[in-house]
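Shown next, in structure tokens, is the structure this report addresses.
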Ligand SMILES: *Cc1c(COP(=O)(O)O)cnc(C)c1O
């Protein structure tokens, strides 16, 4: 975006006055006396999410077991219905997506289906900066097939300790790789990978490719079906604002419909034969087949209200504001806080097509500065070794908030406030 930012507070207020999404902020419960910059870890609660949860609670109260068939959205079909609601956000066809399971659980369900080591083609390709849970799960999948993760799990390395180059990922796609699993946006740096290119390159080499989109769904548009990704999964408690530990989502490209799920369970059964309670599994012919157990209604219901709100706002408008507001934050840091004595840096790529919804701010004393920001009522988070993550969520963070955060970053150093904190990293943020 070619817009030139200005440093003053009045400019921030002007951006807010012109912001077409500004009205959504009132539909969220904002923690009092704080500036919430951690929505990439846990999105805030909206009245919309609360309302859909309360409706389902009411259905439970009044309908009991009959809710499975007789609720406003029958619970038996809820996972698929929410999948249909979410599909446009990720460029999926409605039956390629279900809201079901958890992030890491869905990884296991999908990788156990698509990881088929054969002869020399037995490696899984990932990278050293993927979310640790994903790497633990991939190692476990290799071991389950009798492999050795030291041999069969290939991790692409970063050149600079910050970013992962698509060229390096493509180069690591050898004829020994059978499956690749990569993140869309890196949880630390905020780098966005070129998923279209990676999918093309993988398929050219006969490699099955899937993506963990936990850090992009709800803030970055996707075209999963057009790109031809084989599978994807993500959590709904970050930019989708579905609530702590809310149900995740899984995507399976329709070319794989009818494959036998690696972790079968009765909720993956075709609904028309499910209650015949036969001993033979009859998988649904859609992504629904990858569900395992009963829909966790109370962890899923808030997602309904959230998804409707995101659709109403439009993922295109959300991305537009996200790029503008993260660009603004980076501009303020570059222009006013990058030199001594402030010495803040930015880990996130500047190019719009290479970044997601948060900004990774680097500083040699990042841990203590993070503590000092919390004491000042800013809610960021810290990721080792030296990154403060700041996520200006388009639906509820204002440009004025971002301007104030920059003032806090400055004041912490001006007053030496961070020096009052011990450099111990025991606290979870
Ligand atoms: C948040 C996140 C997860 C979380 O996994 P859970 O199973 O929901 O705890 C996994 N992968 C990535 C990339 C994430 O950002």
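Residue numbers (this note's numbering): 4 to 432. We put the CB at the ideal spot given by N, CA and C, even for glycine. Please read all numbers here as calculations on a predicted model, not as lab measurements.
Inter-residue spacing [alpha-carbon to alpha-carbon] between residue i and residue j
| i | j | result |
| --- | --- | --- |
| residue 198 | residue 360 | 16 Å |
| residue 4 | residue 222 | Low confidence applies to residue 4: its pLDDT is 45, below 50, so where it sits in the model is not reliable, and the reading given next is rough at best. Roughly 17 Å separates the two Cα atoms. |
| residue 68 | residue 275 | 19 Å |
| residue 209 | residue 178 | 8 Å |
| residue 411 | residue 352 | 23 Å |
| residue 147 | residue 306 | 33 Å |
| residue 202 | residue 104 | 25 Å |
| residue 22 | residue 300 | 35 Å |
Beta-carbon contacts of residue i that lie in its chain and below 7 Å, excluding the five residues immediately before and after
| i | result |
| --- | --- |
| residue 393 | 40, 332, 361, 362, 364, 383, 408 |
| residue 266 | 111, 112, 115, 295 |
| residue 235 | 213, 214, 216, 227, 254 |
| residue 403 | 15, 16, 19 |
Residue i - containing alpha helix (DSSP H), residue span
| i | result |
| --- | --- |
| residue 332 | 318-340 |
| residue 407 | 402-417 |
| residue 82 | 81-93 |
| residue 30 | Counting along the chain, residue 30 falls outside any alpha helix (DSSP H), and DSSP gives it neither H nor E. |
Classification of residue i by the beta-carbon crowding that lies within 10 angstroms, buried from 16 upward
| i | result |
| --- | --- |
| residue 296 | exposed |
| residue 425 | exposed |
| residue 395 | buried |
| residue 371 | buried |
| residue 35 | exposed |
| residue 159 | buried |
| residue 263 | exposed |
| residue 192 | buried |
| residue 83 | buried |
| residue 12 | exposed |
| residue 61 | exposed |
| residue 126 | buried |
| residue 343 | exposed |
Contact test: residue i Cβ vs ligand 1 heavy atom, cutoff 7 Å
| i | result |
| --- | --- |
| residue 41 | no |
| residue 105 | yes |
| residue 387 | no |
| residue 218 | yes |
| residue 190 | yes |
| residue 186 | yes |
| residue 142 | no |
| residue 150 | no |
| residue 251 | yes |
| residue 136 | yes |
| residue 215 | yes |
| residue 241 | yes |
Extent of the continuous beta strand (DSSP E) run through residue i
| i | result |
| --- | --- |
| residue 255 | 252-255 |
| residue 365 | 362-365 |
| residue 213 | 211-215 |
| residue 166 | Element bounds for residue 166: n/a, residue is neither H nor E. |
| residue 183 | 180-186 |
| residue 195 | That residue, residue 195, is in no beta strand (DSSP E); it is neither H nor E in DSSP. |
| residue 371 | That residue, residue 371, is in no beta strand (DSSP E); its alpha helix (DSSP H) goes 369-378. |
Close-in-space but distant-in-sequence residues of the same chain around residue i (CB under 6 Å, 5 per side omitted)
| i | result |
| --- | --- |
| residue 54 | 308 |
| residue 348 | 365 |
| residue 50 | 30 |
| residue 218 | 188, 190, 359 |
| residue 380 | 36, 37 |
| residue 268 | 295, 296 |
| residue 311 | none |
Min CB distance residue i to chain D below 8 Å
| i | result |
| --- | --- |
| residue 89 | Of the protein chains in this structure there is only one, and it is not chain D. |
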